[in-house]
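There are 2 protein chains.
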Amino acid sequence: MATRGNGGSADDTADARTAGGPEGDRRRRDAAATRQALLQAARGRFIRLGYDRTTLRDVAADVGVNLALIKRYFDSKEGLFKAALAATPRFPGSEGEFPPDRAALAEALSHQLSAGAWPDFSEHPVLLLLRVSGDERVDSLRRQALQDFSRQVLEASDPSRTRDDPTPAPDDTSRAQAERDRLLRAELLVALGVGVAVVRSAVGLQPLRDATSDDLIGPLREVVDVLLAPRH
Amino acid sequence: MATRGNGGSADDTADARTAGGPEGDRRRRDAAATRQALLQAARGRFIRLGYDRTTLRDVAADVGVNLALIKRYFDSKEGLFKAALAATPRFPGSEGEFPPDRAALAEALSHQLSAGAWPDFSEHPVLLLLRVSGDERVDSLRRQALQDFSRQVLEASDPSRTRDDPTPAPDDTSRAQAERDRLLRAELLVALGVGVAVVRSAVGLQPLRDATSDDLIGPLREVVDVLLAPRH
DNA sequence: GAAATAAGTCATCAATTGATTACTTCGCAA
DNA sequence: TTGCGAAGTAATCAATTGATGACTTATTTC
Numbered sequence: 001m002a003t004r005g006n007g008g009s010a011d012d013t014a015d016a017r018t019a020g021g022p023e024g025d026r027r028r029r030d031a032a033a034t035r036q037a038l039l040q041a042a043r044g045r046f047i048r049l050g051y052d053r054t055t056l057r058d059v060a061a062d063v064g065v066n067l068a069l070i071k072r073y074f075d076s077k078e079g080l081f082k083a084a085l086a087a088t089p090r091f092p093g094s095e096g097e098f099p100p101d102r103a104a105l106a107e108a109l110s111h112q113l114s115a116g117a118w119p120d121f122s123e124h125p126v127l128l129l130l131r132v133s134g135d136e137r138v139d140s141l142r143r144q145a146l147q148d149f150s151r152q153v154l155e156a157s158d159p160s161r162t163r164d165d166p167t168p169a170p171d172d173t174s175r176a177q178a179e180r181d182r183l184l185r186a187e188l189l190v191a192l193g194v195g196v197a198v199v200r201s202a203v204g205l206q207p208l209r210d211a212t213s214d215d216l217i218g219p220l221r222e223v224v225d226v227l228l229a230p231r232h
Numbered sequence: 001m002a003t004r005g006n007g008g009s010a011d012d013t014a015d016a017r018t019a020g021g022p023e024g025d026r027r028r029r030d031a032a033a034t035r036q037a038l039l040q041a042a043r044g045r046f047i048r049l050g051y052d053r054t055t056l057r058d059v060a061a062d063v064g065v066n067l068a069l070i071k072r073y074f075d076s077k078e079g080l081f082k083a084a085l086a087a088t089p090r091f092p093g094s095e096g097e098f099p100p101d102r103a104a105l106a107e108a109l110s111h112q113l114s115a116g117a118w119p120d121f122s123e124h125p126v127l128l129l130l131r132v133s134g135d136e137r138v139d140s141l142r143r144q145a146l147q148d149f150s151r152q153v154l155e156a157s158d159p160s161r162t163r164d165d166p167t168p169a170p171d172d173t174s175r176a177q178a179e180r181d182r183l184l185r186a187e188l189l190v191a192l193g194v195g196v197a198v199v200r201s202a203v204g205l206q207p208l209r210d211a212t213s214d215d216l217i218g219p220l221r222e223v224v225d226v227l228l229a230p231r232h
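Here's what the structure looks like:
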């Protein structure tokens, strides 16, 4: 089945390592490149198929490499999943800090959730966060990632607040309650993003599935405003 | 393994059939009751664990019955999943028609998505819709269910439209575009509902996870209004 | 050019799991 | 009571899949 190294016969599967990437193929035995290729293939399968339906054999076959190398580089399937999760860019802006501004947030959201943002059908990173792994520590990683993002969204609702001081000392219970309500609203926005990704990929609901960034920006801006605008 | 019938020894698992439900235990061999108990157990596991991690052995053990009975009553795992999907109440109002009114919609949503709405932690029916099955026909069922719900939400945005005439003949392209935009907005609301359910169950994000109906009704009403209010 | 080491393969094990068949027991009707 | 059919069980098969250790080949280093 698509062995390529020593005893191989004929390939019947794409070999990601020798595909003409940047730099071309210099060495046939490159641990770092192989590790990276495995990570890429695993990420794609985890996102597309979920944890359970992703088999290590398939991942290895994608790269054109033997199953045992996964154990060598990632020790186990859990390790592979954790590595894929760690290698996944943060939710909206894959690079840099999130702009603490409602308009920019709406823009970023609509772009991230639009049809053309990701090449392969439904390979959005947020979906990886939702895949089950069965490991409690992985679940904790996932929770942390979404919590961080909620915090970022919350900042967008109040640019005066810095990140180092997320919870100003509440004067009384009503102030604490207001703070909690603001966080709840930020999380509702996160939930909307997650829901859009899920509905688009897992269900394929039209017209949402093929909505472009321009289609989404209008409604999303209104929702962002109504959820995050400072009130009273 | 919690056998209960003939060769059984001691129970170590809850037996759903003889548990003192309504009517008590009248017969030890009741095909309909057994079938129903299997369906219940399967539904719970499918929702909680997803399709792959739900094993037929566990489902049978929940009921205290032999694995082979699942084949007898549902023919296969796919059949069991389809039956569970069919037996799942429709998304928001488990009974009756959906009220075509924005305020009532916001109310229903906040209640459905609140912490106390469903007894067991994260057994919300909408989660069952998102579980993978691998069967194209099941995926089609799922898509259909969510599409129906989107249609209902769309009605709430325009009470004048009847259900029998969902798409009035468009006079020109701009009218068709407006119609498409309205459907998109309805689906965004559906996505919000799905996202809240997913985030609450799969991630357990606080404070959303423990939010009560009263916590949700305010923000949700605003979102429903901004998404569904008739615009010029 | 020959050790030494890293990269990769092969064959196989053990556990899980869906499916299936032959057998056993219970309940009800005549 | 008896006997027949439905309800249920036990045992097992075959396929998949994660894990693993011994073996093989390429690359580097002296």
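Protein chains in written order, with our numbering: chain D, 1 to 232; chain G, 1 to 232.
Even glycine gets a Cβ: it sits at the ideal position worked out from N, Cα and C.
Predicted, not measured: the structure shown is a model, and the values here were computed from it.
Amino acids of chain G, ordered along the chain, whose beta-carbon sits closer than 7 Å to that of D/VAL194: Result: GLY195, VAL198, VAL199.
Rounded separation between G/LEU154 and D/GLY193 - CA only: 20 Å
Beta-carbon proximity of G/LEU216 to G/LEU113, cut-off 9 Å: yes
Proximity below 9 Å, CB of D/ASP219 to CB of G/ARG151: With the sequence shown as reference, residue 219 of chain D is identified as Pro, and Asp is not the correct amino acid for it. Their beta carbons are not under 9 Å apart, which means D/PRO219 does not touch G/ARG151 by this criterion.
Selected residue, minimal CA-CA separation from G/ILE47, among G/GLU107, G/ALA202, G/ARG209: G/ALA202
Coil, strand or helix - G/GLY218 by DSSP: Collapsing the DSSP output to three states places G/GLY218 in a helix.
Residues of its chain near D/GLU95, where Cβ-Cβ distance is below 7 Å and the 5 sequence neighbours each way are ignored: Legend: pLDDT at D/GLU95 = 45, less than 50; position of this residue unreliable, value from coordinates given subsequently. Nothing meets the Cβ criterion.
Proximal residues of chain D, C-beta to C-beta of G/ALA87 below 9 Å: None at all; the shortest Cβ gap to chain D is about 20 Å.
Contact check, G/ALA41 vs G/VAL63, beta carbons under 9 Å: yes
Candidates D/ARG57, D/THR55, D/LEU109, D/ARG175: closest to D/SER262 by CA position: Within the shown structure, residues of chain D are numbered from 1 to 232, placing residue 262 of chain D beyond reach of any answer.
Neighbour-count burial assignment, G/THR162, 16 or more Cβ in a 10 Å radius: Bear in mind that the predicted position of G/THR162 carries a pLDDT of just 49, short of 50, making it unreliable; the figure below should be weighed with that in mind. G/THR162 is exposed by the Cβ-count criterion.
Buried versus exposed, by CB contacts within 10 Å (16 or more), D/ALA106: buried
N-terminal and C-terminal residue of the alpha helix (DSSP H) that D/PRO230 is part of: Note, D/PRO230: premise wrong, no alpha helix (DSSP H); not H, not E.
Alpha-carbon to alpha-carbon, G/VAL190 and G/ALA145: Spanning the two alpha carbons is a distance of roughly 11 Å.
D/THR34: first and last residue of the uninterrupted alpha helix (DSSP H) it sits in: 31–53
Straight-line gap, D/LEU38 to D/ASP30 (C-alpha atoms, nearest Å): 12 Å
Contact check, G/ALA32 vs G/ALA115, beta carbons under 9 Å: no
G/ASP25 to G/THR34 span [Cα, whole Å]: Confidence is the limiting factor: at G/ASP25 the pLDDT is only 46, short of 50, which leaves the residue's position unreliable and the question unanswerable from this model.
Start and end residues, alpha helix (DSSP H) containing D/ALA68: 68–74
Span separating the alpha-carbon of G/GLU179 from that of G/GLU187: 13 Å
C-alpha gap between G/SER140 and D/VAL198, whole angstroms: 16 Å
Distance CB(G/ARG57)-CB(G/LEU69) smaller than 9 Å: no
Residue closest to D/LYS77, alpha-carbon to alpha-carbon, out of D/HIS111, D/ARG102, D/GLY50: D/GLY50
Short Cβ contact (9 Å threshold) for G/ARG45 with G/ASP225: no
Close Cβ partners of G/LEU208 (< 8 Å) along its chain, the five nearest in sequence each way excluded: VAL196, VAL199, ARG200
Alpha-carbon spacing of D/SER174 relative to D/ARG53, whole angstroms: C-alpha of D/SER174 to C-alpha of D/ARG53: approximately 48 Å in a straight line.
CB of D/ARG43 within 9 Å of CB of D/ALA84, strictly: yes
Residue from G/LEU127, G/LEU129, G/LEU183, G/ALA176 with nearest C-alpha to G/SER157: Comparing Cα positions, the closest option is G/LEU183.
Whether G/LYS82 touches G/VAL138 by CB criterion (9 Å): Yes, these two residues count as a Cβ contact at 9 Å.
Secondary structure of G/VAL65, DSSP reduced to three states: coil
Proximity of G/VAL223 and D/VAL223 at Cβ, strictly below 9 Å: yes
Contact belief for D/HIS111 with D/TRP118 at Cβ below 8 Å, rounded distance in angstroms: With 8 Å as the limit, D/HIS111 and D/TRP118 do not qualify as a contact, their Cβ atoms being about 11 Å apart.
Of the listed residues D/GLY204, D/PRO230, D/VAL59, D/ALA60, nearest to G/GLN147 (C-alpha basis): D/GLY204
G/ARG151, DSSP secondary structure in three states: Here G/ARG151 sits in helix by DSSP.
Cutoff 9 Å: D/GLN147 Cβ touching any chain G Cβ: yes
Cα-Cα separation between G/PHE149 and D/TYR73, rounded to whole angstroms: 46 Å
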